[in-house]
Amino acid sequence: MTIKLYNTASRRKEIFEPLEPGRVGMYVCGVTVYDLCHIGHARSAIVFDVLSRYLRARGFEVTYVRNFTDVDDKIIERAREMGRDPGDIAREYIRAFHEDMARLGVAPADHEPKATEHIDGMIRMIRTLMEKGFAYEVDGDVFYSIEAFRDYGALSGRKMEDLQAGSRVAVDAKKKNPHDFALWKAAKPGEPRWESPWGPGRPGWHMECSVMSSHFLGNTFDIHGGGRDLLFPHHENERAQSIAANGGGFARYWVHNGFVTVDSEKMSKSLGNFLTIRDALETYHPEVLRLFLLSKHYRTPLDFSREAVMDLQAGLLRIYRTLQRLEERIGSPKTDQDPTGALRNPAEGTFPADFVGVMDDDLNTAAAVGLLFEKVREINRLMDEGVSKELLEKERDDLMAAASVLGILRESPRDFELGLAEAAGRLDAGKIEDMIRQRAEARKARDWKTADAIRDRLKEMGVILEDGPGGTTWRPDV
RNA sequence: GGCGGCAUAGCCAAGUGGCUAAGGCAGCGGUCUGCAAAACCGUUAUUCACCGGUUCGAAUCCGGUUGCCGCCUCCA
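Counting along the first sequence from 1, when you hit position 144 you're at 149 in the working numbering, and nothing is skipped either side.
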């Protein structure tokens, strides 16, 4: 079986073959750290987290690089507004990013370089571009000349004429061509600065990704990812710089995730319709959010709404209830083995093979989630039929293999339910158990009226009772 | 203006040439239960925005229409 990925550069799905068999180099554009991240950032981070997990589960050795843009106009502007040091702002939001990602279960990348750590490399690259005739300096600014790069526009599928026709940007008189872009920006008073052959200044935005990707992955590497909005101009420019300066092919597969929208409109700072990860986690359990963001194919826009998220929550809860039942029957899962082992060489017609089949097809997590639910129904059926412990263990291992690639089902079932309840309000376990005892006495006396009244009262408190052969248990009404 | 994407049941969402159009949520009927809850079983799109065309055969390919969205400017 082979993995297929949609390559934005060719606008079609392609069979994925890494440059070096068995090894994958993957670079994903991270965030500019001037504010808290919103759930659009979360989608991107989660999609590429799943891609790296999946590639590893399929036996590839992955080197995953995700950068931080920690020097940039927006950071400088924010610092000025707040009367603070730009470096402090960047550090603060890098910390916030790590906290948010940890809560969402997004694993750290193998390398998380910051732009400011690679200024020397950027200066070297700019010098090379000037020597090769791709860049020119004007009053301490250095620009890339897009006309010098014949292939400019090939990645995003644009023609230079089209670009000019729609341009609304105020043209910088220093530029030879309005779409030339800054490689180096001369520092204005009070701005962060580094010494360079063109005087003090800072790098343009696109430089960092070119330099850091080649530093960690080489001049030609396998996967370059990011949000769809980065395709132009950011990725087009990165590519133009890198190929012009280094030769090589730069990224071989370009993978772009779609946006999170609200009321069908892109979530963005300028529209003011964004929801930060933090705010979302006040209301929704991290795994609910994660499953929601994976419930639609990564390339299509995903509309965020409370109803849609809560629907997924109901579904995830059902999966956890099945895990709870399993635990009661066959005990807790073993934790000392690689959960994804079942995906390595799955036998045809089995659940792991089906899962691999849909994931191989351009990371179809939506279909994968569907398979997960089918498997859950089957496991419940098997438990109703009373099959052997060995079979149930096998079934659970298969389920957990898929779940671990998606990064869900990481909690104990009880913790998950209580976690949901925490968002809805706190429950007093002692009082609840007291009332359950009273109800048990009433039931013993066949006083159904009293028993039902107590149950109703608990329901109002947000507690659901379940009478089973082993007595009554309770769970939060979520 | 240029380029691109999307339109599948009450809602969310897979499926891109051929068995009965996945799955989730919600609803309804049933099994189980003192009654519930949970779980399971059954059920809910003769039809895939609309109009043409290609084909033995299309939700899937082609042309057109409508609607929504994105990129072209910092943006995941």
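Ideal Cβ placement from N, Cα and C applies to all residues, glycine included.
Name the DSSP beta bridge partners of residue i, please?
i	result
Tyr149	Ala140, Phe186
Trp199	Gly206
Thr345	Its beta-bridge partners do not exist; DSSP assigns none.
Ala191	Gly206
Asp472	Thr477
His5	One cannot answer for residue 5 here, as it falls past the ends of the chain, which runs 6 to 483.
Tyr32	Val70, His229
Trp259	His229
Ile20	Lys9
Lys119	Phe73
Lys271	Thr266
Thr37	Thr74
Glu25	Arg28
Val366	A quick correction: the sequence has Asp, not Val, at residue 366. Answer is Lys9.
Can you grab the Cα-Cα spacing for the pair residue i / residue j, in whole Å?
i	j	result
Gly476	Glu292	30 Å
Gly354	Val361	11 Å
Tyr435	His261	With the sequence shown as reference, residue 435 is identified as Gly, and Tyr is not the correct amino acid for it. Rounded to the nearest angstrom, the two C-alpha atoms are 50 Å apart.
Phe378	Asp403	13 Å
Leu307	Phe73	25 Å
Gly126	Val216	6 Å
Gly171	Asp156	Its pLDDT being 48, under 50, Gly171 is placed unreliably by the model, and nothing is read from it.
Ile282	His43	5 Å
Pro208	Ile151	18 Å
Thr225	Ala373	31 Å
His240	Gly254	13 Å
Asp439	Ala95	51 Å
Met405	Ser393	19 Å
Tyr303	Thr266	13 Å
Ala47	Met106	8 Å
Thr288	Phe139	51 Å
Tyr149	Pro118	24 Å
Lys179	Glu427	57 Å
Arg311	Leu425	15 Å
Asn391	Asp420	In the sequence as presented, Asn is not what sits at residue 391; that position holds Gly. Taking the straight line from one Cα to the other gives about 26 Å.
Lys137	His220	20 Å
Ile124	Glu213	8 Å
Ignore the nearest five residues each way along the sequence and tell me which others in residue i's own chain have a CB closer than 7 Å to its CB.
i	result
Arg108	Leu286, Pro291
Asp367	Lys9, Leu10, Tyr11, Lys18
Ser201	Ile128, Trp189
Pro351	Pro357, Ala358, Val361
Lys271	Phe264
Asp238	In the sequence as presented, Asp is not what sits at residue 238; that position holds Pro. So the list reads Phe186, once near-sequence residues are dropped.
Ile20	Thr7, Lys9
Ser273	Phe279
Ala347	Pro357, Asp402, Asp403, Ala406
Return the chain-ordered list of same chain residues with a C-beta closer than 6 Å to the C-beta of residue i, the five sequence neighbours on each side being excluded.
i	result
Asn242	Phe186, His211
Ser49	Gly232, Asn262
Gln318	Val293
Ile324	Val381
Ala250	Met130, Thr133, Leu134
Arg444	Ala456, Ile459
Trp479	Ile437, Val468, Leu470
Give every residue of the same chain whose Cβ lies closer than 8 Å to the Cβ of residue i, excluding the five residues on either side of it in the sequence, and list them in chain order.
i	result
Gly64	Gly27, Arg349
Arg330	Asn385, Met388
Leu235	Cys34, His261
What residue ranges within the stretch 291-338 form continuous alpha helix (DSSP H) runs of no fewer than 4 residues, ordered along the chain? 291-299, 311-335
Give a yes or no on contact between the stretch 36-48 and the stretch 67-81, applying the rule of three or more CB pairs nearer than 8 Å. yes
Where are the alpha helix (DSSP H) runs, 4 residues long or more, that stay fully inside the stretch 404-460, in chain order? 418-429, 434-449
Tell me, please, whether the stretch 334-346 touches the stretch 444-462 by the rule of three or more beta-carbon pairs shorter than 8 Å. no
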